[in-house]
Every structure is written in C-alpha cells, then in structure tokens.
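Novice:
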Amino acid sequence: MERYFDANATTPLRPEARAAWVEAMDAFWQNPSSPYRSAARVHARLEDARETLAELFGIAADNVVFNSGATEGNRDVLAYWHRLMSGSRIAVSAVEHPAVLENARQFWGERASIIPVGEQGRVSLSSLEAAIDDGATLISLMTANNETGVKQPWREALTLCRKRRVALHVDATQWVGRESLDGLGEVDFVTGSGHKFGGPKGTGFLLVSALHSGFSGQRGGAQENDHRAGTENFPAIAGMLAALSAAEAERASVAARWHEGRTAFEQALLNDLPGVRIWGQGAERLANTVSAGMPAGENTRWVRLLDQRGFAVSTGSACATGKEGPSYVLAAMGVEADDARRTVRISALPTATFEDWRDLASAFRESYQEIRAPRSGSQVIDIP
Ligand code: PLP
C-alpha cells in the first residue's frame with residue numbers, strides 16, 4: 008500500500024467525517040432555507056455546526072461563513088476589501104498561496120505591495136511596518152507556508168495591525184487542525200479549508216470579525232447571514248466539523264509523533280545524502296513538513312523513484328505542479344533555480360508513524376544510489 012507524504016496537498020477523509028457526512032446525506036439533505044419542519048431540522052443542525060466551529064476559535068457564531076474552501080475565502084476577502092477601500096493599498100507576503108497572490112494582482116494591481124521574506128522564508132515585522140507606512144490598509148499573511156512549512160509571525164502581525172489600525176487577513180489553511188487555534192479568532196479575516204484536515208474536499212470557512220459585518224462574498228441568495236450566497240452543503244459541513252473536532256482532540260499527540268519522526272528523517276537525510284539542504288530549517292516550521300533540496304537529480308525524477316518504492320511525495324505545491332518554472336516560494340527565499348528544481352516536498356498525515364518516516368528515509372537513500380549510478384549505456388559522470 009502506498010505511504011502518503013503529500014498531506015499539504017490534500018488528506019483522506021477521516022472516518023469521523025465520513026460517518027457524519029453519510030448520516031447527513033441520508034437524513035439531513037433538505038435545503039436548510041426551505042419552509043417546512045424537515046428543512047428546519049437541517050437548518051438547526053447547520054447552526055449547531057456554526058456554533059461548534061465558532062467555539063473552537065472563541066468567536067461568535069455570526070462571524071463564521073461556510074464556503075467551498077480557501078481559494079474562495081482568499082479571493083472574497085481581497086475582492087471585498089477592494090470594493091470597500093479601492094483607493095488605498097494592500098500588502099501580501101511574497102510566499103502566499105496563488106489564491107492570494109493572483110487575486111491581489113487581479114483586484115489591486117499596482118496597489119498591491121509584495122512583502123519580501125528572508126532566507127528562512129519569514130517576513131520581518133519591519134517590512135510589515137514599511138508596507139503600512141506605504142499606505143497598506145490590509146495585510147495578508149499566511150500562518151504557515153504550504154511548500155516549506157515555515158511559520159509566519161502572524162500573532163505579532165496582529166498586534167502591529169491593531170496598533171496601526173490596519174486590517175489583517177490570515178490564510179490558515181495549513182495550520183488549522185495541526186497547530187493551536189489560539190489567537191486566530193481575533194484576526195479580521197481567517198480562511199480555512201476542510202480537505203487539509205480530513206474533511207471533504209470543496210468545504211471551507213471564512214471567519215469574519217464583527218468589525219466587518221458588511222462583508223459579502225459571492226452574491227445571490229441571502230444564505231450565510233447574507234455573507235455568502237448559495238445553498239449550504241450541510242452534509243459536507245457536518246463532515247468538516249467532525250474532522251476538525253477529531254483533529255483537535257488528537258493534535259498534541261500527533262504533533263509529538265511528527266516531531267520525533269521528522270527529526271529522525273531529517274537527520275538521516277543529512278547523514279546519507281551529502282549536500283542535501285533543508286529549506287527554512289532555521290525557522291519554526293509545521294512539524295509535518297520538509298522541503299528538501301537534493302544534491303542531485305530533478306525533483307520529478309525523485310518523485311518517480313520514491314513512487315516506485317511506495318511513497319507519494321511532491322515536487323512542491325500541488326497547485327504549482329504542472330506550471331512552468333521552479334517554485335516562486337523558494338525563489339523568494341533566495342534559493343537558486345537549479346536547487347529549487349531538485350527540491351522535494353514531504354508532508355506527513357497525522358497517521359504517519361516513526362517507521363513510516365524511517366522507511367521514507369531508506370527510500371531516499373536507495374533513490375539517491377540509483378540517481379548516482381550511471382544509467383546503462385550512458386557515460387559515467389561524477390556528480391558533485
Ligand atoms: N491556501 C493555502 C496556504 C493552501 O495550501 C491551499 C491549498 O493548497 C489553498 C489556500 C487553497 O485551498 P482550497 O483547496 O481549499 O481552495
């Protein structure tokens with residue numbers, strides 16, 4: 008059976024999520040806005056789900072908007088802010104997901120400043136301050152990067168934004184279900200995505216602080232307290248909530264297991280593959296993620312060789328796969344294009360065991376031997 012190390016791309020449905028989803032598909036399929044008792048029961052369940060999510064973040068239920076995922080949430084925040092403040096500026100970090108960067112460009116064009124990151128992949132508070140001095144009225148900063156796992160100083164950014172009376176949007180897609188939710192409820196806008204923590208794909212949420220009660224995303228019907236039109240997909244929302252509750256319950260033990268497994272894995276890579284680089288190693292990172300620049304061999308070849316050995320890993324972010332050129336995230340950190348093309352992303356599921364990490368390290372060792380070995384019929388070259 009394949010051992011899956013691409014959890015930052017997506018995760019399988021948790022059993023708790025599946026059970027809640029199937030139950031709701033069978034028993035609570037009516038439109039929550041319809042005017043009879045069976046629909047009112049779905050509506051009541053939907054509001055319970057909203058309450059549960061709100062409690063996890065310590066906010067009021069009115070501030071939770073269910074949607075289709077983080078791409079929608081990110082786009083809607085940038086579009087809404089543009090409707091409100093189009094004469095001003097915004098600032099987004101250079102390593103944001105394309106759902107932020109592309110929409111910032113589309114809506115804000117030249118009025119969107121790009122906040123640089125240092126070689127460890129983090130933005131500095133002084134560059135955030137500079138963006139605010141430059142007129143930014145909204146900052147968009149992710150909690151942790153999907154390619155490198157590097158955490159951003161979003162809590163410090165929140166303090167700064169409050170002081171300077173600037174709004175903060177935090178893309179928490181890779182954080183929710185893995186890291187403490189403390190503090191997120193105080194941010195102006197937070198985007199989350201169900202399929203990153205074992206919920207169904209096509210589910211997500213946006214937290215909108217009470218300061219922005221006029222927020223609206225896609226227009227049409229009056230669902231989601233007028234914040235987001237479209238019939239709510241209650242079964243999927245129920246699945247997402249079940250997944251998040253399960254993830255929260257096991258979060259501390261999973262984090263400890265990831266830490267142990269990943270530490271051993273990285274040590275093995277550093278010992279066995281001379282010249283390997285771990286990007287963002289000096290920064291705080293999500294404990295399930297490794298972005299490793301290999302000493303030789305294109306990352307597509309590594310992915311193939313590891314796949315043949317039963318491991319699913321990635322060349323970078325799933326959204327960037329198939330796009331031309333090396334990772335813009337690594338480029339922003341000053342990584343050379345050739346090094347970026349040799350970079351493999353490993354991101355573990357909560358179920359990954361120490362043995363999985365250890366066996367993955369062995370598969371890297373074997374793949375390296377194959378990459379170094381001359382292909383039959385070809386010239387022997389010395390790989391530095
Ligand atoms: N933001 C980040 C940081 C992500 O990693 C992703 C998905 O990879 C997204 C946004 C998009 O999320 P979704 O698939 O829910 O649209």
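If you count the sequence shown from 1, position 271 lands on 278 in my numbering, and the numbers rise without skipping. Think of the CB as a built atom: it goes at the ideal place given N, C-alpha and C, for glycine as much as any other residue.
#1: Can the beta-carbon of Ile-353 be found closer than 9 Å to that of Ala-294?
#2: Could you give the distance in angstroms between the alpha-carbon of Arg-112 and the alpha-carbon of Thr-144?
#3: Alpha carbon to alpha carbon, what distance is there between Ile-285 and Ala-347?
#4: Mapping DSSP to helix, strand and coil, what is Arg-352?
#5: Taking DSSP as the reference, what is the three-state secondary structure of Ser-95?
#6: By alpha-carbon positions, which one of Glu-109, Trp-115, Pro-160 and Thr-198 ends up nearest to Trp-88?
#7: Which residues in the same chain as Leu-53 place their Cβ atom closer than 7 Å to its Cβ, once the five residues preceding and following it in sequence are excluded?
#8: Quick check on the DSSP output: the alpha helix (DSSP H) that includes Phe-361 runs from which residue to which?
#9: Would you check if the region 154-170 and the region 183-194 touch, i.e. whether three or more CB-CB distances between them fall below 8 Å?
#10: So, with DSSP's three-state summary, where would you put Pro-207?
#11: How should Lys-203 be labelled, buried or exposed, when 16 other C-beta atoms within 10 angstroms of its C-beta is the threshold for buried?
#12: Let me know if Ile-390 comes out buried or exposed under the rule of 16 or more other beta-carbons within 10 Å of its beta-carbon.
#13: With a 10 Å radius around its C-beta and 16 neighbouring C-beta atoms as the bar for buried, classify Val-215 as buried or exposed.
#14: Per DSSP, Leu-145 forms a beta bridge with which residues?
#15: In its own chain, which residues sit with a C-beta less than 7 Å from the C-beta of Leu-276, not counting the 5 before and 5 after it?
#16: Below 8 Å, is the gap between the Cβ of Asn-152 and the nearest heavy atom of the ligand PLP?
Specialist: This is what the structure gives:
#1: Their beta carbons are not under 9 Å apart, which means Ile-353 does not touch Ala-294 by this criterion.
#2: Rounded to whole angstroms, Arg-112 to Thr-144 spans 16 Å at the Cα level.
#3: When rounded, the distance between both Cα atoms is 11 Å.
#4: Correct three-state label for Arg-352: strand.
#5: DSSP places Ser-95 in coil when its eight states are reduced to three.
#6: Taking each of Glu-109, Trp-115, Pro-160 and Thr-198 in turn and checking the Cα distance to Trp-88, the smallest one comes out for Trp-115.
#7: Correct list, in chain order: Pro-39, Glu-239, Phe-241 and Ile-244.
#8: From DSSP, the alpha helix (DSSP H) with Phe-361 extends over 361-379.
#9: A contact between stretches requires three or more CB pairs, one per stretch, nearer than 8 Å, and the region 183-194 meets this requirement with the region 154-170.
#10: Pro-207 falls in the coil class under three-state DSSP.
#11: Around the C-beta of Lys-203, 16 or more other C-beta atoms lie within 10 Å, and the residue is accordingly described as buried.
#12: Only weak support exists for where Ile-390 lies, its pLDDT of 49 falling under 50; the coordinates are left without a value.
#13: Around the beta-carbon of Val-215, 16 or more other beta-carbon atoms lie within 10 Å, marking it buried.
#14: Answer is Ile-97 and Ala-174.
#15: Excluding positions up to five away in sequence, the list reads Val-283, Ala-299, Ala-368 and Phe-371.
#16: The answer is yes for Asn-152.
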